[in-house]
Every structure is written in structure tokens, then in C-alpha cells.
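Working notes, structure below.
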DNA sequence: GTAAATTATTTACCTAAGTAAGTATATTGG
DNA sequence: CCAATATACTTACTTAGGTAAATAATTTAC
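Chains as they are written, first to last, in full-length UniProt numbering: chain H, 1 to 144; chain L, 1 to 144.
Dropping the structure here:
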């Protein structure tokens with residue numbers, strides 16, 4: 001019998017992005033762009049590799065999204081000591097807006113979680129972390 | 001403080017799609033296409049509206065994905081009594097393969113869930129279902 | 001010190017899914 | 001009956017993210 005759990009995860013993922021985009025619309029930003037701004041706010045200037053490793057996406061995804069942030073004046077790229085690297089950092093405009101955006105995004109997220117207690121949220125996060133790709137042979141998983 | 005829950009949900013969603021696509025590669029299918037085949041297997045012929053309502057996506061998404069299934073010989077479209085509707089059904093090729101694919105997809109999904117007990121899986125699903133868009137004013141959610 | 005291998009990023013092409021607007025058929029109101 | 005409205009689907013355009021292959025800079029091996 002098909003497991004509807006992943007269906008549910010997929011739906012909530014899309015729903016959250018939709019809600020966050022609704023807030024970000026006022027800043028001409030999108031959720032993936034925001035995730036990088038948030039990252040830079042937390043850690044300061046980062047190489048693109050550090051960004052895609054933290055966000056767990058592929059390198060081309062970061063290339064594209066940072067390019068857009070650059071075009072729209074939220075981020076800048078500087079050359080690193082290692083000339084292959086491009087170090088990404090927030091612009092002044094971004095520095096001045098990021099805290100406000102974070103507040104609004106967090107409010108929306110909390111709204112979506114308002115029917116879960118703080119304990120349930122922790123529980124949910126812990127259960128999600130137990131999901132991972134099975135680095136096992138097919139034989140091992142088919143006899144369930 | 002930012003809530004990492006949605007980050008986690010987003011990651012697992014992408015991970016599951018990646019794993020399922022790995023299985024589907026052998027059938028020249030992709031996860032979104034499979035979700036429609038699965039739907040048709042469960043319910044029989046459906047209009048596109050019935051499909052997007054069930055999968056909770058937008059109409060254009062179904063148009064595109066069904067078109068691809070049609071091109072690759074997995075699905076067919078018939079004209080309905082209402083000539084605006086297009087009724088989608090499985091081809092003979094699909095009918096003969098769907099059970100086998102489902103078995104393999106389920107095996108992969110179970111592999112990913114192998115560190116969760118059946119009870120934890122139910123719990124996880126229940127917690128996810130409590131997440132939904134807040135049809136409330138901003139004032140209501142900021143005082144958390 | 002240079003050829004070979006590795007690394008960081010980019011480019012090109014693909015699936016997935018959303019919004020807005022268009023088309024064709026059905027339904028409803030006068 | 002026919003004009004106005006609603007419905008089912010499609011088209012065009014956008015974000016998001018993946019893979020494979022290309023490019024450029026760095027490191028390693030000989």
C-alpha cells in the first residue's frame with residue numbers, strides 16, 4: 001500500500017513556500033532568494049560553496065539565485081583570495097531590510113504552526129530528521 | 001528566531017523525489033508523472049480537474065504532465081460528454097507495468113522510513129496535517 | 001617546473017509547479 | 001433565443017532545482 005507520508009510532506013513544503021512568497025512579494029523577493037539572504041545574515045560573507053553546502057542544494061542553483069539577488073541589488077559578489085571562489089555578501093539595502101523581513105517571515109511560519117505546541121514542533125522536527133536515503137541494498141528493504 | 005522546521009520539510013521533500021526518480025529512471029518516468037499514474041490506477045479514468053484536485057496542484061501542472069505521459073505512451077486522453085473535459089486513462093502498457101513500479105517505489109519509500117516505527121510514521125503524518133495556512137490576521141499570530 | 005588531477009563556478013538543458021491571461025464549451029438570466 | 005457568466009483546459013512566462021559537461025584556477029605528482 002502506498003505511503004501517503006511523502007505526499008503530505010510534499011504538499012506542506014509547497015504550501016509553506018507559497019505563504020512565504022506572499023510576504024516576500026512586498027520586497028520583490030522569492031523564497032529561494034530569501035533563504036540565501038537569511039544565510040548571509042546568519043554567517044556573514046560566504047563562498048557559494050558554503051551556501052550550497054549549508055542549504056543542501058546543488059552549485060548551479062546557488063549560481064542562479066545569487067545572480068538574481070545581485071541584479072536586484074540584495075547581494076554582491078567579491079573575488080576571493082582563491083580566484084575560483086566568489087564571496088557573496090549582503091548589500092547595504094539588504095542589511096537594512098533583512099531583520100524586518102525575517103520578522104514577517106517568522107510570523108507567517110508561526111501562523112502555520114499555530115496548531116502545534118512547541119513540544120509537537122520539536123517532535124515533528126525530530127521525526128523528520130529520522131528520514132533519510134537508505135544506503136542499503138534493495139534486498140534489505142523489499143522484505144518489509 | 002527562524003524556524004528550521006520548514007527547511008527540514010523542504011529538504012525531505014526534495015530527497016524523496018530524488019530517490020523515487022532513481023527508481024523511475026528505469027521506466028523513463030519522473031515523480032510527478034508517477035503521481036498521476038498512481039492516481040489513475042487507484043481511481044480509474046479521471047478528468048484533469050479531478051486529478052489536480054486530488055493532487056492539490058494547479059490545472060496547468062496537470063495539463064503539462066499528462067501531455068508528457070501521452071507522448072511517452074503511459075496515458076491517453078478521451079473526449080468527455082462535456083466537450084470541455086478531457087478524460088485521462090492508463091494505456092495497456094501502463095496497466096501492465098503500474099503494479100511493478102508501485103512495488104519498487106514503495107520499497108524505496110519504506111527504506112527511507114526504516115528508522116521510524118509504524119507508530120512514529122502515523123505520528124509524523126498527524127503532525128504534518130496540523131500544519132496549514134493561517135486564515136487569520138497578522139496581529140493574531142505575532143503575539144506568540 | 002610542468003603535466004595531470006582536483007576544485008569552484010558556470011552554462012545548457014531538463015522536470016516541477018505557480019500565476020495570469022486566452023480559448024472553447026456549457027450554463028444561466030432576461 | 002441570445003447575451004452574459006462560468007467552467008475546463010491551454011498557453012506563455014516565471015521561480016526552483018536537478019544533471020552533465022565546460023571553464024578557469026589551484027594543487028599534486030613526477
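Don't be surprised by glycine CBs; every beta carbon is placed ideally from N, CA and C.
Test item: CB-CB of residue i and residue j under 8 Å
i                      : j                     : result
residue 94 of chain L  : residue 37 of chain L : yes
residue 47 of chain H  : residue 17 of chain H : no
residue 112 of chain H : residue 59 of chain L : no
residue 20 of chain H  : residue 98 of chain H : no
residue 107 of chain H : residue 90 of chain H : no
residue 77 of chain L  : residue 62 of chain L : no
residue 28 of chain L  : residue 96 of chain L : no
Helix, strand or coil at residue i [DSSP, three-state]
i                      : result
residue 65 of chain L  : helix
residue 105 of chain L : helix
residue 36 of chain L  : helix
residue 24 of chain L  : helix
residue 57 of chain L  : coil
residue 134 of chain H : coil
residue 84 of chain H  : coil
residue 15 of chain L  : helix
residue 29 of chain H  : coil
residue 90 of chain H  : strand
Interface flag, residue i vs chain L, CB-CB below 8 Å
i                      : result
residue 96 of chain H  : no
residue 112 of chain H : yes
residue 115 of chain H : yes
residue 130 of chain H : yes
residue 9 of chain H   : yes
residue 43 of chain H  : no
residue 141 of chain H : A caution first: residue 141 of chain H carries a pLDDT of 41, below 50, which makes its placement in the model too unreliable to give a value.
residue 93 of chain H  : no
residue 61 of chain H  : no
residue 123 of chain H : yes
residue 127 of chain H : yes
residue 106 of chain H : yes
residue 120 of chain H : yes
residue 50 of chain H  : no
Cα-Cα separation between residue i and residue j, rounded to whole angstroms
i                      : j                      : result
residue 43 of chain H  : residue 31 of chain L  : 35 Å
residue 81 of chain L  : residue 45 of chain L  : 14 Å
residue 4 of chain H   : residue 130 of chain L : 15 Å
residue 85 of chain L  : residue 49 of chain L  : 8 Å
residue 176 of chain H : residue 8 of chain H   : Only positions 1 to 144 of chain H appear in this structure, which leaves residue 176 of chain H out of reach.
residue 123 of chain H : residue 51 of chain H  : 27 Å
residue 101 of chain L : residue 6 of chain L   : 30 Å
residue 83 of chain H  : residue 39 of chain L  : 51 Å
residue 126 of chain L : residue 41 of chain L  : 26 Å
residue 118 of chain H : residue 79 of chain L  : 51 Å
Where residue i falls, given that 16 or more other Cβ within 10 Å makes a residue buried
i                      : result
residue 12 of chain L  : buried
residue 69 of chain H  : buried
residue 128 of chain H : buried
residue 35 of chain H  : buried
residue 103 of chain L : exposed
residue 53 of chain L  : exposed
residue 109 of chain H : buried
Within-8 Å CB hit, residue i to chain H
i                      : result
residue 99 of chain L  : no
residue 16 of chain L  : yes
residue 72 of chain L  : no
residue 3 of chain L   : yes
residue 134 of chain L : yes
residue 33 of chain L  : no
residue 65 of chain L  : no
residue 109 of chain L : yes
residue 56 of chain L  : yes
residue 83 of chain L  : no
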